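Residue 3 is where the sequence shown starts when you use my numbering, and the numbers rise one by one after that.
All residues carry an ideal CB built from backbone N, CA and C; glycine is no exception.
The model shown is predicted, which means the values in this text are computed figures rather than measured ones.
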Amino acid sequence: MELESKIGFMQGRLIKAVQNNIQAFPKDCWEDEFPIAERLGFKKIEWVFDSLENPILDDKQHINIKLLSEKHQVTIGSICADFFMQHKLFSESSTEISKNLIVLENLIDKSSLLGIDIIEIPLVDSSSLKSESDIQEFSKNLEKIIPLAEKKNIILSLETDLPPQKIKDLVENMSSNFVKVNYDIGNSTSLRYDMKEELALLKNLIANVHVKDRNFGGKSVPLGTGDANLELFLNTLADMGYNGDIIIQGARENEEQISPEETYKKYFNLVKSYLDIVEKK
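As structure tokens, then:
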């Protein structure tokens, strides 16, 4: 039961896709997911921040967010800051980077007010760190934010497609316990990394995890149908003493044939079944 309480979902996945995007903040109906989540058994949500038009930045909306969270017993444990995929913290003009750092500072402040512990910064796809100079520039800019993150007790969790040793070096060179790693089993599988080797190397640095499925060298597929070994993944997490959130970010199925709620009921039950096995060990 303890592990089950850690199962969460990526915001927007319990309702129909926004403009056919696999992931986007559902600005017109974000409140609707809280009762659905409660119905399905989810205890955690990872909030999506992809534009400045987001209630997380609006103090007046904080009361509504808190009321929904308390009423439906669904905690916002983390924010997926997709905003920084298009508004990067490196490889932009100094003016743009300054603006983007101000947004991150504001997001840290608002997260602290709402009791959110983790802000995840995606460094994949359009915001992938492609070179050593990218890594150095990103690190230099993030270091400007670390004092505020430490003051507000907010962990900055980096999701990258770098090889595991480079991820470890990147985080450890920051010299702060408030910079950590997001581990995504689907992305790791697609990149053909050795999951057990990665987890052994990064275990003390992992702040949160994403559960999704992908084929080797391919895109996301419905949970349980790809090449990701989800059972081994969850077992390995348990063996290494991981006690953070387990956020399901599974691919959408055909919404004309199966509703998002049905899909995520299936995903929840699949992950729960693996965790039940873990707890019985």
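Checklist entry - Any contact of the region 18-36 with the region 44-54, i.e. 3+ C-beta pairs under 8 Å? => result Because the criterion of three Cβ pairs below 8 Å is met, the region 18-36 and the region 44-54 touch.
Checklist entry - Between Glu258 and Ile17, what straight-line distance do the alpha-carbon atoms span, to the nearest angstrom? => result Here residue 258 refers to the residue found at position 256 when the sequence shown is read from its first residue. Here residue 17 refers to the residue found at position 15 when the sequence shown is read from its first residue. Across the structure, Glu258 and Ile17 are spaced so that their CA atoms are roughly 12 Å apart.
Next on the checklist: Three or more C-beta pairs under 8 Å: does that hold for the region 194-202 against the region 234-244?
Outcome noted: Verdict: yes, contact present.
Checklist entry - Is it right to say Gln2 is buried, meaning 16 or more other beta carbons lie within 10 angstroms of its own, or is it exposed? => result This structure gives no information on residue 2, because the portion of the chain shown stretches from 3 to 283.
Next on the checklist: To the nearest angstrom, how far is the alpha carbon of Asn2 from that of Leu59?
Outcome noted: The requested residue 2 does not occur in the structure, where the chain is confined to residues 3 to 283.
Item to check | Ser95 (DSSP reduced to helix, strand or coil) | outcome: Counting from one through the sequence shown, the residue named residue 95 turns up at place 93. DSSP places Ser95 in coil when its eight states are reduced to three.
Next on the checklist: Taking 7 Å as the threshold (C-beta atoms), are Gly14 and Pro37 in contact?
Outcome noted: For the purposes of this step, residue 37 is taken as residue 35 along the sequence shown, with counting starting at 1. For the purposes of this step, residue 14 is taken as residue 12 along the sequence shown, with counting starting at 1. Not closer than 7 Å, so no.
Checklist entry - Pick from Tyr276, Tyr269, Asn179: whose alpha carbon is nearest that of Lys154? => result For the purposes of this step, residue 154 is identified with residue 152 of the sequence shown, where counting begins at 1. Comparing Cα-Cα distances from Lys154 to each of Tyr276, Tyr269, Asn179, the minimum goes to Asn179.
Item to check | As assigned by DSSP and simplified to three states, the class of Phe11 | outcome: On the sequence shown, position 9 is the one that residue 11 refers to. When DSSP states are grouped into helix, strand and coil, Phe11 belongs to the strand group.
Next on the checklist: Within the continuous beta strand (DSSP E) that includes Lys182, where are the two ends?
Outcome noted: As a first step, residue 182 must be located in the sequence shown, where it is residue number 180. Start and end: 181-186.
Checklist entry - DSSP state of Leu131, grouped into three classes? => result Counting from one through the sequence shown, the residue named residue 131 turns up at place 129. DSSP, reduced to helix, strand and coil, places Leu131 outside both helices and strands of the structure shown, so it counts as coil.
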